[in-house]
Amino acid sequence: RGVYEAAAAGDAAAQQIVDDVGTELARSLRSVVLAYDVDSVVLGGGVTRAGDRYLAPIIAEWRRQQATSALARAVLRPEILRIADPTRNLGAWGAAA
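Under the numbering used here, residues 16 to 112 are what the sequence shown spells out, in order.
As structure tokens, then:
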């Protein structure tokens, strides 16, 4: 979370880290969406408390991919991204499922 706060405060190195991590995460999520044809992607963990600062680079990468691919335009829809309630223990819920 500290990196996201530093980026929000104008730290260029922290912003580069946020952008790089978001780009790689977007690419990984693209693989999941394409492989499983999901309707929703729920992201969890403490880092998601950064909210829009966490989602922005993911969405930006998906938009870049949409610009050159009809398939990406069809399946990489930012509205399918959701941040889980940070007060819920998703690991326990997943283990119970």
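C-beta atoms are modelled at their ideal positions from N, C-alpha and C, and glycine is treated no differently.
Taking 8 Å as the cut-off, the Cβ atoms of Glu94 and Arg42 do not count as close. In this model, Thr63 and Arg92 are separated by some 19 Å (Cα to Cα). Beta-bridge pairing by DSSP links Ile98 to Leu58. Residue nearest to Leu105 within the set Gly59, Ala22, Ser55 is Gly59 (criterion: CA-CA distance). Comparing alpha carbon positions, the residue from Gly25, Leu70, Thr102 closest to Val36 is Leu70. Taking the Cα positions, Val57 is about 22 Å away from Gly17. Note on geometry: alpha-carbon atoms of Ala65 and Ala23 lie some 10 Å from one another. Here DSSP, grouped into helix, strand and coil, assigns Ser43 to helix. One thing to note: Val90 has its Cβ within 8 Å of the Cβ of Leu49.
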